[in-house]
Amino acid sequence: MNFTIFCRPISKTSKSFSRIRLQSNICKISYSNEKKTTVDEGEVQRHSNLMKDWWDPKGKIMPLHSLNLLRVPFVRDGLIGGSEKSLTPLAEKKLLDVGCGGGILSEALARVGANVTGIDASKELIELAQQHSNMDPKIANNKPTYYCTTIEEHSKQFSNHYDGVVASEVIEHVADKDLFTKCCVDALKPGGKIFVTTPNRSRLTQVLGIWVAEYVLKVIPQGTHEYDKFMTPNELTSMLERSK
């Protein structure tokens, strides 16, 4: 797949964004048929079905575990630069992990000191994340806080609250991308940063990220990604600019 990393400011309220290209189980969320939502119930169900493999680093979602080697430094450097040598360089930084699933990235960010809140629309995955955080002694005094909710609901309650909002491998699975990015930006403090990781919509990604990864090597479950739901860098940039 193609990956690019960059960070730049957005003029409104000095917020900035960074990007890397690199039903029983669904929360009870109150919305009418007319109200917009970011939740794609089919996607929530599909990811909830993977909960038994979620914390197996050699299992069906192995790539998410491997991506932490890129994602954690990306968020760290985007927030504080690369000069901090502390073991907990993100101490006192409030981060929101949107679509946190079972907590793979949330826990990794907590280990480097961040005050992490993870949200997901899957009740089962949130319960898994809570259970697993109790098993990790490295975050015993800094466990992530998890909520089974949506970004549109959470951003209403926690507007202008976070130093950083992370949406990693999520936006390609949501029902309304414009609403999703707007609510992510709404949750940021003035001067905060948003970090989005998602596959670039290119023929190379279609071949390697879907055909090879899902159907040849089978390192991720078949049907995980749909090519038409991927975004180009320009599309994501424009969407974030509209969300200012």
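To convert, take the position in the sequence shown, counting from 1, and add 5; that gives the working numbering. Glycine residues also receive a C-beta, built at the ideal position from the N, C-alpha and C atoms. As the structure is a computational prediction, the values presented were derived from the model and not from experiment.
Enclosing beta strand (DSSP E) for residue i [first to last residue]
i           : result
residue 172 : 167-173
residue 100 : 99-103
residue 150 : 150-153
Where residue i sits in the DSSP three-state scheme
i           : result
residue 125 : strand
residue 80  : helix
residue 27  : Interpretation of residue 27 is limited by its pLDDT of 39, a score under 50 that renders its predicted location unreliable; the figure taken from the coordinates is listed afterwards. It is coil, neither helix nor strand.
residue 47  : helix
residue 202 : strand
residue 120 : strand
residue 142 : helix
residue 214 : helix
residue 194 : strand
residue 91  : coil
residue 62  : coil
residue 221 : helix
residue 134 : helix
residue 207 : coil
residue 231 : coil
residue 57  : helix
residue 226 : coil
residue 96  : coil
residue 73  : helix
Exposed unless 16 or more other CB atoms sit within 10 angstroms - verdict on residue i
i           : result
residue 114 : buried
residue 37  : Residue placement at residue 37 is poorly supported in this model, since its pLDDT is 43, which falls under 50; the coordinates still yield a value, given next. Counting Cβ neighbours within 10 Å, residue 37 comes out exposed, since fewer than 16 surround it.
residue 141 : exposed
residue 229 : buried
residue 160 : buried
residue 247 : exposed
residue 101 : buried
residue 59  : buried
residue 35  : Since pLDDT at residue 35 reaches only 44, below the 50 mark, its modelled position is unreliable, and the value read off the structure follows with that caveat. Exposed, because fewer than 16 other Cβ atoms sit within 10 Å of the Cβ of residue 35.
residue 71  : exposed
residue 123 : buried
residue 212 : exposed
residue 198 : buried
Among the options, the one whose alpha carbon lies nearest that of residue i
i           : options            : result
residue 44  : 232, 124, 236, 180 : 180
residue 206 : 190, 232, 195      : 232
residue 170 : 141, 132, 245      : 245
residue 194 : 182, 238, 99, 94   : 99
residue 235 : 148, 222, 177, 202 : 177
residue 148 : 118, 199, 61       : 118
residue 172 : 109, 55, 87        : 109
residue 51  : 61, 97, 106        : 106
residue 209 : 229, 112, 158, 237 : 237
residue 83  : 249, 219, 239, 196 : 196
residue 111 : 91, 54, 144        : 144
residue 186 : 151, 78, 242       : 242
residue 222 : 96, 65, 42         : 65
residue 130 : 189, 103, 92       : 103
residue 203 : 41, 57, 55, 69     : 69
Start-to-end residues for the alpha helix (DSSP H) that takes in residue i
i           : result
residue 182 : 182-191
residue 242 : 238-247
residue 159 : 156-162
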